[in-house]
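S.K.: The structure follows.
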Amino acid sequence: MANDPSYTKQKLKVIGSRVRRPDGVDKVTGRAKYGADHNAPGQLVGLFLRSPHAHARIKKISTARAEKLSGVKAIITSEDLPDLTKGDTAARDILENCMARGRALYDGHAVAAVAAVDEQTARKALKLIKVTYELLPHVTDVDEALKPDAPVIHDYLYTNGVEPRPTKPSNLYNVAEFGHGDVDAGFAQADVVVEKSYKTEQVHQGYIEPHACVGSVNPDGTGELWVTTQGHFTYRSVCANLLGMDIAKLKVTSSEIGGGFGGKTHVWIEPVVLALSRKANRPVKAVMSREEVFRASGPASSTSIDVKIGAKKDGTITAAFAALRYQSGPFPGAIPGMPWAAIGAMTSFACYNLANVKTLGYDVVVNRPKVAAYRAPSAPMIAFAVESTMDMVAKELGIEPLDLRIKNAAREGTRACYGPVYGPIGIGATLQAVKNHPHMRARLKKNQGRGMACGFWFNFGGQTCADLNIATDGSVTLTVGTIDVGGSRASLSLIAAEELGIPYKQVKAHIGDTGSLGHNDTTEGSRGTFSSGMAIVFAARQAIEVLRERAAIMWEIPIEDIIWKDGHAKARGSKYSRLKPLSLADIAAQSPSTGGPIAGHNESVPDNAGVSFASHICDVEVDPETGGTRIIRYTVIQDAGKAIHPTYVEGQMQGGAAQGIGWALNEEYIYGDDGRLQNPGFLDYRIPVCSDLPFIDTQILEIPNPNHPYGVRGVGETSIVPPLAAIGNAISNAVGVRMDHTPMSPPRILKALEQLHAS
Amino acid sequence: MAAVLVSTTINGDAVEFACPPQESLLAVLRDRLGLTGVKEGCGTGDCGACSVTLDGRLVCSCLVLGAEVDGREIATIEGMAENGKLHPLQENFIEHAALQCGICTPGFLMAAKVLLDRNPQPTETEIRYALAGNLCRCTGYDKIVRAVQATATELRQLEKKKSRRKKSKKS
């Protein structure tokens with residue numbers, strides 16, 4: 009069976025080795041080309057005019073003076089972007105987010121764009137565009153937006169998921185419920201019930217490379233887009249649809265990507281850049297400033313969460329409940345039918361084996377930028393709430409928090425809080441590894457504390473298409489449609505080498521543009537190595553079939569008598585003892601005369617990406633004078649299924665933990681009463697720097713995913729889920745305050761300490 | 002305003018360019034001279050992606066004007082590998098997987114080189130503070146610090162070998 013994805017326990021030879029990535033030299037020498045590193049002949053500079061208001065009616069946009077400025081080649085407002093979305097509300101929201109249509113919905117919302125011969129001219133032109141606004145009442149806080157007297161942002165949004173359908177529009181656009189059992193009965197059985205409410209502030213993915221692209225549309229309706237993106241095929245179809253182009257006539261090339269973490273899964277400036285190019289009939293390059301990235305490209309939701317957990321004296325959890333209120337900016341969540349709070353609700357108690365569980369996800373619109381996915385989107389916030397509450401339950405019961413988790417951990421056969429029944433999973437193994445880890449026994453000093461927490465992520469497969477081509481010298485080219493954001497070219501090359509039985513160095517992986525492959529879903533959900541890897545396995549196996557056919561022709565024997573082993577075609581049976589095995593290179597060299605090029609292809613939708621679990625241990629030291637918290641020691645333990653390239657798996661675990669640490673301690677969007685973002689820059693929105701962090705220890709566990717030939721699970725996202733709670737629990741153990749609001753910044757900790765000492 | 006004519010040295014080569022007086026060195030390097038290995042992450046001196054050296058001193062090129070570099074010496078990532086050979090820092094960044102997306106890598110390499118040129122035996126803390134002006138969002142800095150440590154050790158051993166060779170020649 010060529011395309012059977014089942015785990016086979018096959019002996020692996022090169023998988024798991026720590027090879028050098030093929031794009032390494034380009035990236036340490038400055039040769040790698042990212043979004044802003046490409047230029048087109050005759051290109052113009054594109055700049056955006058953005059609303060300074062959180063919510064305003066756009067009464068008039070006067071572009072006449074700007075148009076007269078020498079060097080200005082095109083100006084665009086929503087009038088140049090007619091609505092071609094034909095009732096597709098998700099597409100309409102994307103269009104409206106790219107360019108305000110009659111109303112500015114957040115501080116930073118684009119209202120016009122200019123293409124000019126140089127940046128100076130474009131800047132001057134922006135200043136000459138006069139926009140007349142009529143201010144409207146705004147709301148930026150998720151709880152405020154749900155109050156009865158809150159300004160209603162859209163008169164067309166009625167709450168989904170409630171019966172009967174509401175008679176009035178509101179900011180609550182969706183309610184989703186998940187769970188099983190009877191939580192009321194479960195809480196009645198409990199000896200201890202803990203209830204707590206939490207808030208988490210809005211954070212940004214903080215990729216170092218701003219959004220950037222070069223767009224070029226020709227008068228004949230063809231076009232090209234060079235762009236930093238996690239999904240060039242998705243960008244292609246979205247842009248083509250919004251602009252009324254044929255999808256196949258737009259070629260999108262993904263540049264090297266300077267970080268995305270979910271933030272580059274959606275279009276922001278790209279459709280407008282293409283529209284500018286179409287109007288000016290010249291290529292247009294646009295690069296967001298850092299301020300624009302913060303103000304106008306998707307951060308994660310800010311949230312407000314209630315959690316209630318009941319347990320018996322022996323630690324058995326009898327019932328668990330969570331209500332999640334997530335804001336998604338001014339539009340419903342980016343994934344149709346799966347808004348952000350609903351995703352969070354599904355992950356809530358996924359680590360645990362519960363008889364009675366109920367979660368409610370409330371999705372809310374506010375006057376903030378459109379929310380985008382951020383690494384395990386929606387999971388870290390609810391994990392902060394649930395895992396903090398778990399520690400409180402343990403304290404009430406007088407049980408070690410780790411033991412409470414071990415007792416209630418989900419296992420094979422557990423019905424997940426979001427519905428399905430788990431196959432083999434790694435939560436129990438990661439908890440046991442915590443128990444055995446020397447970190448748990450390390451000494452702590454004054455004002456230091458240790459915390460731990462668990463995390464879950466679904467992982468995703470998705471539409472995938474890959475090519476494997478063998479050159480006449482036996483070297484192998486891979487062409488994949490998922491992007492390489494952290495070494496996946498190396499992992500995919502290892503997979504091809506494993507299947508073909510050739511050295512890693514004989515393989516070179518490329519990211520194909522949209523002209524070279526069929527549709528590939530966006531690289532999200534930790535799917536790059538899982539899905540493209542699976543496609544490469546099948547493509548390689550198809551190529552091996554061709555290699556056997558060609559060997560049969562060369563030897564003039566039946567193909568059934570030929571096997572593929574260790575990179576060679578071998579004839580089976582003593583009658584062929586005179587036939588020396590043919591290497592892949594031997595067969596490739598003869599390919600012009602045995603039937604032409606040798607290749608393998610795969611188009612598929614790999615499913616069952618294999619759920620992922622992690623447990624983190626964290627030591628902090630809190631300075632009671634300043635409220636500042638330092639991470640003293642940090643350990644990540646995660647199930648990878650099978651680590652294709654362990655070094656890059658460790659990198660994912662460390663990077664996610666560091667992002668979670670920033671979320672826990674420093675990072676937040678700060679809005680004024682005027683609804684304007686006050687800290688749109690890396691100075692005031694402070695992500696962790698090198699001197700903030702210790703080494704981040706990792707331990708990779710390998711509990712095979714039954715739905716992948718090597719047992720691979722997605723590994724990219726889970727590591728951002730546990731840190732918020734692990735740090736909150738550590739702070740609680742260090743200085744005795746239970747933090748319920750992230751970031752747990754010095755002022756919030758000082759305030760909590762003051763309250764503790766006052767009581 | 003009229004463009005300013007500037008004569009400078011970049012990666013050892015004499016270079017002349019003209020730029021408006023308000024244009025940043027970063028814009029000059031990237032847009033006029035094609036040195037796109039120098040990256041822009043913020044334009045406000047907060048991320049270090051545009052790090053270069055100016056007369057040996059580490060600077061954010063977004064905070065320097067093109068007009069300021071007349072008669073001075075600039076080094077960028079494009080000049081770090083010499084005679085077709087990667088600098089040991091570049092080798093170790095690849096070997097230790099100190100990069101994921103790679104956008105911050107040129108800046109980190111410049112900053113790390115300045116550190117090791119001045120302090121061949123930095124402690125972990127010294128490395129962390131020397132690199133604190135460079136933001137990386139992918140790695141959590143773990144493998145970056147390890148790559149710098151490994152390079153420092155390698156370079157010290159190389160120095161020892163060299164001095165031993167010198168001694169044996171003398172004796």
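As you go down the protein sequences, you meet chains P and V in turn. Every number in the numbering used here is 8 more than the matching position in the first sequence, counting from 1. Every number in the numbering used here is 1 more than the matching position in the second sequence, counting from 1. All residues carry an ideal CB built from backbone N, CA and C; glycine is no exception. These numbers were taken from a predicted model, which means no experiment stands behind them.
Give me the chain V residues within the contact set of serine 699/P, using Cβ-Cβ distance strictly less than 7 Å, ordered along the chain.
M.R.: By 1-based counting over the first sequence, the position of residue 699/P is 691. Per Cβ cutoff of 7 Å: Arg129, Tyr130, Ala133.
S.K.: Compute the Euclidean distance between the alpha carbons of leucine 571/P and valine 372/P, then round it to the nearest angstrom.
M.R.: The residue labelled residue 571/P in the question sits at position 563 within the first sequence. The residue labelled residue 372/P in the question sits at position 364 within the first sequence. Looking at the sequence itself, residue 571/P is isoleucine, so the reference to leucine does not match. Roughly 59 Å between the two C-alpha positions.
S.K.: With DSSP as the reference, label tryptophan 348/P as helix, strand or coil.
M.R.: Taking the first residue of the first sequence as position 1, residue 348/P is located at position 340. In the structure shown, tryptophan 348/P sits in a helix (DSSP, three-state: H, G or I).
S.K.: Output the residue ranges of the beta strand (DSSP E) runs that lie fully inside the region 604-681 of chain P and measure 3 residues or longer, sorted by chain position.
M.R.: 606-612, 620-630, 637-647
S.K.: So if I threshold CB-CB distances at 7 Å, which residues from the region 43-54 of chain P count as touching chain V?
M.R.: Ala44, Asp45
S.K.: Consider the Cβ of threonine 37/V: report whether some Cβ of chain P lies at a distance smaller than 8 Å.
M.R.: Position 36 of the second sequence holds residue 37/V. Closer than 8 Å to some Cβ of chain P, the Cβ of threonine 37/V qualifies, so yes.
S.K.: If distances are taken between C-alpha atoms only, which option among Arg756/P, Tyr679/P, Gly664/P comes closest to proline 385/P?
M.R.: For this step, residue 385/P is matched to residue 377 along the first sequence. Among Arg756/P, Tyr679/P, Gly664/P, the Cα nearest to that of proline 385/P belongs to Gly664/P.
S.K.: What are the residues that DSSP puts in a beta bridge with asparagine 168/P?
M.R.: In the first sequence, the residue the question calls residue 168/P occupies position 160. Under DSSP, asparagine 168/P takes part in a beta bridge, and its partners are Asn182/P.
S.K.: If you measure from the beta carbon of isoleucine 695/P to each beta carbon in chain V, is any gap under 8 Å?
M.R.: By 1-based counting over the first sequence, the position of residue 695/P is 687. So, interface residue.
S.K.: Anything in chain P within Cβ reach of leucine 30/V, meaning under 8 Å, just list it in chain order.
M.R.: Here residue 30/V refers to the residue found at position 29 of the second sequence. The contacting residues do not exist; leucine 30/V stays about 10 Å from chain P at best.
S.K.: For a contact defined as C-beta to C-beta under 9 Å, what are the partners of lysine 144/V on chain P?
M.R.: The residue given as residue 144/V occupies position 143 in the second sequence. By Cβ distance, chain P contributes Thr655, Glu658, Gly659, Gln662.
S.K.: Suppose contacts are defined by Cβ-Cβ distances below 8 Å. Is tyrosine 370/P in contact with glycine 495/P by that definition?
M.R.: Translated into the one-based positions of the first sequence, residue 370/P becomes position 362. Translated into the one-based positions of the first sequence, residue 495/P becomes position 487. In this structure, glycine 495/P does not lie closer than 8 Å to tyrosine 370/P by Cβ.
S.K.: At what residue ranges does the region 494-578 of chain P contain a whole run of the alpha helix (DSSP H), taking only runs of 4 or more?
M.R.: 496-508, 541-563
S.K.: Out of Asp91/P, Val394/P, Tyr141/P, Cys106/P, which has the shortest C-alpha to C-alpha gap to lysine 68/P?
M.R.: Here residue 68/P is taken as the residue at index 60 of the first sequence, counted from 1. It is Tyr141/P whose Cα lies nearest to the Cα of lysine 68/P.
S.K.: Taking Cβ-Cβ distances shorter than 9 Å, what residues in chain P pair up with threonine 106/V?
M.R.: Taking the first residue of the second sequence as 1, we reach residue 106/V at position 105. Those are Lys35, Val36, Gly38, Ala40, listed as they occur along chain P.
S.K.: Excluding the 5 residues preceding and the 5 following valine 170/P in the sequence, name in chain order all residues of the same chain whose CB lies nearer than 6 Å to its CB.
M.R.: Position 162 of the first sequence, counted from the first residue, corresponds to residue 170/P. If we look at valine 170/P and ignore the five residues flanking it on each side, its Cβ neighbours are Val183.
S.K.: Is the Cβ of isoleucine 95/V closer than 8 Å to any Cβ of chain P?
M.R.: As a working mapping, residue 95/V is identified with position 94 in the second sequence. For isoleucine 95/V, the answer is yes, since a Cβ of chain P falls inside 8 Å of its Cβ.
S.K.: Does the region 308-316 of chain P touch the region 410-428 of chain P, meaning 3 or more C-beta pairs lie closer than 8 Å?
M.R.: no
S.K.: Just to confirm, is the Cβ distance from phenylalanine 621/P to glycine 434/P under 8 Å?
M.R.: Taking the first sequence and counting its residues from 1, one reaches residue 621/P at position 613. Taking the first sequence and counting its residues from 1, one reaches residue 434/P at position 426. Remark: C-beta atoms of phenylalanine 621/P and glycine 434/P approach each other more closely than 8 Å.
S.K.: With a CB to CB cut of under 8 Å and the five nearest residues on each side skipped, what residues in its chain are close to methionine 9/P?
M.R.: Residue 9/P sits at position 1 when you count from the first residue of the first sequence. The predicted position of methionine 9/P is uncertain, since its pLDDT is 43 and thus under 50; a value taken from the coordinates is nonetheless stated next. Excluding residues within five positions, none has a Cβ falling inside 8 Å.
S.K.: Would you report the Cα separation of glycine 266/P and glutamate 104/P, rounded to the nearest angstrom?
M.R.: As a working mapping, residue 266/P is identified with position 258 in the first sequence. As a working mapping, residue 104/P is identified with position 96 in the first sequence. Rounded to whole angstroms, glycine 266/P to glutamate 104/P spans 26 Å at the Cα level.
S.K.: Could you check how far apart the C-beta atoms of valine 260/P and aspartate 492/P are, in whole angstroms? I think they sit under 8 Å.
M.R.: In the first sequence, counting from the first residue as 1, residue 260/P sits at position 252. In the first sequence, counting from the first residue as 1, residue 492/P sits at position 484. Rounded, the Cβ-Cβ distance is 16 Å, inconsistent with contact.
S.K.: So what does DSSP say about isoleucine 390/P, is it helix, strand or coil?
M.R.: Taking the first sequence and counting its residues from 1, one reaches residue 390/P at position 382. Residue state, collapsed to three classes: helix.
S.K.: Should tyrosine 718/P and isoleucine 23/P be called a contact, given that it needs their Cβ atoms to be closer than 8 Å?
M.R.: Counting from one through the first sequence, the residue named residue 718/P turns up at place 710. Counting from one through the first sequence, the residue named residue 23/P turns up at place 15. It is a contact, given that the beta carbons lie within the stated cut-off.
S.K.: Determine, for leucine 156/V, whether the minimum Cβ-Cβ distance to residues of chain P falls below 8 Å.
M.R.: Position 155 of the second sequence, counted from the first residue, corresponds to residue 156/V. Taking Cβ atoms only, chain P never reaches closer than 8 Å to leucine 156/V, which makes this a no.
S.K.: Quick one: residues in its chain with C-beta nearer than 6 Å to the C-beta of histidine 447/P, no 5 flanking neighbours on either side, listed in chain order?
M.R.: Working through the first sequence from its first residue, we reach residue 447/P at position 439. Ile625, Thr643.
S.K.: Work out the CA separation of arginine 535/P and alanine 294/P for me, nearest whole Å.
M.R.: To locate residue 294/P, count along the first sequence from 1; it is residue 286. To locate residue 535/P, count along the first sequence from 1; it is residue 527. Going by the C-alpha atoms only, they are around 29 Å apart.
S.K.: Just the chain P side, please: which residues come within less than 8 Å of leucine 100/V by C-beta, in chain order?
M.R.: Working through the second sequence from its first residue, we reach residue 100/V at position 99. Residues of chain P with a Cβ closer than 8 Å to the Cβ of leucine 100/V are, in chain order, Gly32, Lys35, Val36.
S.K.: Beta carbons nearer than 7 Å to chain P: which residues of the region 110-122 of chain V have them?
M.R.: Leu110
S.K.: Within the continuous beta strand (DSSP E) that includes glycine 463/P, where are the two ends?
M.R.: Translated into positions along the first sequence, residue 463/P becomes position 455. Looking at the DSSP string, the run of the beta strand (DSSP E) that includes glycine 463/P is 456-465.
S.K.: Quick one: Cα of tryptophan 465/P to Cα of isoleucine 145/V, how far?
M.R.: In the first sequence, the residue the question calls residue 465/P occupies position 457. In the second sequence, the residue the question calls residue 145/V occupies position 144. Going from the Cα of tryptophan 465/P to the Cα of isoleucine 145/V covers about 27 Å.
S.K.: What does the Cβ neighbour count give for asparagine 120/V, buried or exposed, with the cut at 16 atoms within 10 Å?
M.R.: As a working mapping, residue 120/V is identified with position 119 in the second sequence. Looking at its Cβ environment, which holds fewer than 16 other Cβ atoms inside 10 Å, asparagine 120/V is exposed.
S.K.: What separation, rounded to the nearest whole angstrom, lies between the Cα atoms of cysteine 70/V and leucine 55/V?
M.R.: Taking the second sequence and counting its residues from 1, one reaches residue 70/V at position 69. Taking the second sequence and counting its residues from 1, one reaches residue 55/V at position 54. Note that residue 70/V is valine in the sequence shown here, rather than cysteine. The alpha-carbon atoms of valine 70/V and leucine 55/V are separated by roughly 8 Å.
S.K.: Between Ile503/P, Gly463/P, Pro428/P, Val36/P, which has its C-alpha nearest glycine 80/V's C-alpha?
M.R.: Locating residue 80/V in the second sequence gives position 79, where the first residue counts as 1. Checking every option, the nearest Cα to that of glycine 80/V belongs to Val36/P.
S.K.: Please identify the residue among Gly533/P, Pro605/P, Ser524/P whose C-alpha is closest to the C-alpha of glycine 470/P.
M.R.: Walking along the first sequence from the start, residue 470/P turns up at place 462. Closest by alpha carbon: Gly533/P.
S.K.: Which one of Ala342/P, Thr16/P, Asp529/P, Asn226/P has the shortest CA to CA distance from threonine 237/P?
M.R.: Numbered from 1 along the first sequence, position 229 holds the residue referred to as residue 237/P. That would be Asp529/P, whose Cα lies nearest to the Cα of threonine 237/P.
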